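**Q** In the numbering used here, the protein residues as written are 17 to 176.
1. When burial is assigned at 16 or more other CB atoms within 10 Å of the CB, is residue 107 buried or exposed?
2. On the DSSP letters alone, give me the boundaries of the alpha helix (DSSP H) that residue 135 sits inside.
3. With distances taken Cα to Cα, identify the nearest neighbour of residue 115 among 172, 24, 149.
4. Would you say residue 139 and residue 162 are within 9 Å of each other, going by their C-beta atoms?
5. Do residue 170 and residue 126 come within 9 Å of each other at the CB atom, strictly closer than that value?
6. Please confirm if the segment 142 to 156 is in contact with the segment 44 to 52, defined as three or more CB-CB distances below 8 Å between the two stretches.
7. If residue 131 and residue 71 are in contact, beta carbons under 8 Å, what's the gap, nearest whole angstrom?
8. My assumption, with CB atoms under 8 Å, is that residue 55 sits in contact with residue 78. Please give the rounded CB distance.
9. Can you tell me which of the three DSSP states residue 13 falls into?
10. Find out if the Cβ-Cβ distance for the pair residue 75, residue 23 is shorter than 9 Å.
11. Can you grab the Cα-Cα spacing for the pair residue 167 / residue 17, in whole Å?
Written out as C-alpha cells, the structure is:
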C-alpha cells in the first residue's frame, strides 16, 4: 500500500488530468469538481496498492463514482437536464476563444460513453488498450465508440 503522503502527492500530480476526465464524464464543471473531490476522499480513505497503475485506476474509480451518482437518481434524464440547466444559468467565464466554445458545445452533445472516451483517448492521449482497461470494456468497443465520437464531432464542428 502507498502511504498517505505518497498517495496525496500522486493525487495532486494527476489532479489536472482527473478534472479534465471528470468534465468529460459530467459535461459540467461543478459536477466534475464534485466528482474529483469524491474520488480524492475515497482514495485517501481506502488507500491504494503500489502494484496498480495509478492513473488508469483513478479513471476507473472516477467513472464508477459517476455511474453510482447517476444510478442514485431515479430518473437519469432529469439529472442531465438539471445539470445542463444549472450550467446554463451560471455566470462562469466563457472559453478563451470561439473555437473552444464550439468544441465544448459539440462535446456536450456526445453521449456519456463517447464523452468518456474522447476525454481519455483524444484529450489525455490514452491508447485504446489503456482506455479499455480504465473503463473495463473491450478494446473493440473503445475503437468503435471513438470512431463514432470523432465522426459526430466532425459533423457538429463543421455545421457550427
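Backbone N, C-alpha and C define an ideal beta-carbon position, used for all residues, glycine too. Note that the coordinates shown come from a computational prediction; the quantities given were computed from them, not determined experimentally.
**A** This is what the structure gives:
1. Any reading at residue 107 is ruled out, since the residue's pLDDT is 47, under 50, leaving its predicted position unreliable.
2. Taken as a continuous stretch (DSSP letters only), residue 135 belongs to no alpha helix (DSSP H), as it is neither H nor E.
3. 172
4. no
5. no
6. no
7. Their Cβ separation, rounded to whole angstroms, is 18 Å, which puts residue 131 and residue 71 out of contact at 8 Å.
8. 5 Å
9. Since the first residue shown for the chain is 17 and the last is 176, residue 13 is missing from the structure and cannot be characterised.
10. no
11. 42 Å
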